[in-house]
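Contents: one structure, followed by commentary.
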Amino acid sequence: MSIYNKLDLTGWKPRQLTSQEVRFATWIAFFAWVFAVYDFILFGTLLPEIGRHFGWGEVEQAEIATWVAVGTAVVAFAIGPVVDKLGRRTGIIFTVAGSALCSALTAIGGAWGKSPLILIRSLGGLGYAEETVNATYLSELYGASQDPRLTKRRGFIYSLVQGGWPVGALIAAGLTALLLPIIGWQGCFVFAAIPAIVIAIMARKLKESPQFQIHQRISQLRKSGAVSEAQNVALTYDVDYDEHSKAGLKAAFRGPARRATLVIGAALLLNWAAIQVFSVLGTSVIVSVHHISFENSLIILVLSNLVGYCGYLSHGWMGDKIGRRNVIALGWMLGGLAFAGMLFGPSNLPMVVGLYSLGLFFLIGPYSAALFFISESFPTSIRATGGAIIHAMGPIGAVVAGFGATQVLAAGSDWQTAALWFGALPCFLSGALMFAARHVRPETVQ
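Under the working numbering, the first residue of the sequence shown carries the number 13, and numbering increases by one thereafter.
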């Protein structure tokens, strides 16, 4: 029975969302993620140009990227409890607006010095957290939907939204190639802020998910002292009242949630080492390892991210068929092998494009299943909190990779060695670790 058809003894039930409202939420989530990624990738793509402008060497640039990742992790971690307290709709508005502010301030932050720039770019953690908020929100909307076609294909449909990563990366690379000679790197960041502001304004029309409405109803009744009424709502909608009353950071480390937090969190930490090396700093790796020009490296990013978008759709579709956990694990293992081949293969353009594209297909493609899988691994009361804890492991992995790569470069070695140990190998290991996560049947998600 749909949660909309249930009615507790007080006569209350959550507001039903229409199919049109669900579609609108899907589009807003997609564009919000596109422009959050646009800003996120834009910084890594333009870091060599920013460094050249201010006279920062390769090692200094790697250090900046590392400290930015630290700030990103802190901000991304903090957003989860906020979304579980204030709501999914508020979370989307807040994260998109924060991403827009980060883009605008970056244009002038470099002139203030490295430390102010690092603080400003740490606000990018709001944009990074956008995908966790999206996954939390849409997994609840799709789970409550009365459309059997949507319920059956929820993973594939979400893959279209999560596909905003390669789309955002494409926009960052493509517009950088077009606009950089005209308006400079500062102008590129100002330009990036405009669409994010528009999306933040449009997001005000979103409706709250029914699951969060139930969560909010129980919390309100508990706080007002109406415990029996709160327990009745929990019983009506199959919510564990005892777990709900203990919601918070500690709840993510109790019961079944603990396994998801530890295993998926560790896997994401390892995988984001590869994200940092091959996606965020992809231009630096390609230019240094294969001595390809900066302009050609942008073309490679455009072509490879087109393949990466196909990876999102493929992994989202396969996740509905054979299970999200299995698809994630196999994809990341194959991605590690492809990147290793790219690093040590010949330096001709077709080979570099082919192996780099294949690596991104299996590196970022599984995230269309991973973010949905994370949301399905936690109950509503800690869904955003658990997702934020796991998601914050990503920037920590980027910190480890950035620190390790910096040390390798400072010791006189090259990006080929650094990218193998702190990119390709962690990517493979992250996939192997995912097999230790609990398989989740979508129909059992509260």
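A virtual CB, placed ideally from N, CA and C, is assigned to each residue, including glycine. Note that the structure is a prediction, hence the values are computed from the model and not measured.
Do you know how far the Cα of LEU342 is from the Cα of GLN458? The predicted position of GLN458 is uncertain, since its pLDDT is 49 and thus under 50; a value taken from the coordinates is nonetheless stated next. Between GLN458 and LEU342, the C-alpha separation is close to 27 angstroms.
At a cut of 8 angstroms, does the stretch 402 to 416 reach the stretch 69 to 81 through at least three beta carbon pairs? yes
Whose CA, out of ILE209, PRO358, VAL319, SER389, lies closest to the CA of PHE374? VAL319
By Cβ distance below 7 angstroms, which residues in the same chain neighbour ILE402 in space, the five residues on each side in sequence not counted? THR273, ILE276, GLY277, LEU280, ILE386
ARG336 to ARG64 span [Cα, whole Å]: 43 angstroms
Would you say ILE311 lies against chain C (beta-carbon separation less than 8 angstroms)? Absent here is chain C; the protein component of the structure consists of one chain.
Compare the Cα-Cα distances from ILE213 to each of GLY99, LYS97, GLY110, GLN428 and report the closest residue. GLY110
Residues in the same chain with beta-carbon distance under 8 angstroms from THR418, minus the five sequence neighbours each way, listed in chain order, please. VAL71, ALA74, GLU75, THR78
Does DSSP put LEU247 in a helix, a strand or coil? helix
Secondary structure, beta strand (DSSP E): runs of 3+ residues fully inside the stretch 20 to 76: none
Would DSSP call LEU218 helix, strand or coil? coil
How far does the alpha helix (DSSP H) with PHE385 in it extend, from its first residue to its last? 379 to 388
Assess contact between the stretch 143 to 151 and the stretch 123 to 131, defined as three or more Cβ pairs (one per stretch) separated by less than 8 angstroms. Is contact present? no
Could you tell me whether the stretch 193 to 212 touches the stretch 344 to 353, using the rule of 3 or more Cβ pairs below 8 angstroms? no
At the level of alpha carbons, what is the spacing between PRO26 and ILE130? 43 angstroms
DSSP on PRO178, reduced to helix/strand/coil? helix
Proximity to ILE312 [Cα-Cα], best of TRP329, LEU372, LEU432: LEU372
The ligand PLP and LEU441: does any heavy atom of the ligand fall closer than 7 angstroms to the residue's C-beta? The ligand content of the structure shown is nil, which means the ligand PLP is not present either.
Looking at the structure shown, is ALA448 part of a helix, part of a strand, or coil, going by DSSP? coil
Give the straight-line distance between the Cα atoms of ALA88 and TYR170, rounded to the nearest whole angstrom. 21 angstroms
Rounded to whole angstroms, what is the Cα-Cα separation between ILE62 and VAL46? 23 angstroms
Hey, how far is the Cα of LEU282 from the Cα of CYS439? 6 angstroms
Three-state secondary structure (DSSP) at ASN360? coil
Taking Cβ to Cβ, would you say ILE211 is nearer than 8 angstroms to ILE40? yes
Does the stretch 216 to 228 touch the stretch 92 to 107, meaning 3 or more C-beta pairs lie closer than 8 angstroms? yes
Alpha-carbon to alpha-carbon, ILE230 and GLN243: 8 angstroms
Excluding the 5 residues preceding and the 5 following ARG450 in the sequence, name in chain order all residues of the same chain whose CB lies nearer than 6 angstroms to its CB. ARG271
Rounded C-beta distance between VAL34 and LEU153? I'm assuming under 8 angstroms. 5 angstroms
Checking 8 angstroms against the spacing of the C-beta atoms, do THR38 and VAL173 come in under that value? yes
Look up ARG266 in the DSSP assignment and say whether it is helix, strand or coil. coil
Closer than 7 angstroms by C-beta to GLY377: which residues in its own chain qualify, once you throw out the five before and the five after it? Chain order, please. GLY320, GLY323, TYR324, SER326, HIS327, GLY343
Counting only runs that start and end within the stretch 109 to 196, where is the alpha helix (DSSP H) found for 4 or more residues in a row? 126 to 134, 136 to 140, 142 to 156, 160 to 164, 166 to 174
Which residue comes first and which comes last in the alpha helix (DSSP H) that contains PRO407? 395 to 422
Leaving out five residues on either side along the sequence, give the residues of the same chain with a beta carbon under 7 angstroms from the beta carbon of MET330. VAL339
Where ILE334 falls, given that 16 or more other Cβ within 10 Å makes a residue buried: exposed
For GLU241 and LYS262, I'd like the C-alpha separation in whole angstroms. 25 angstroms
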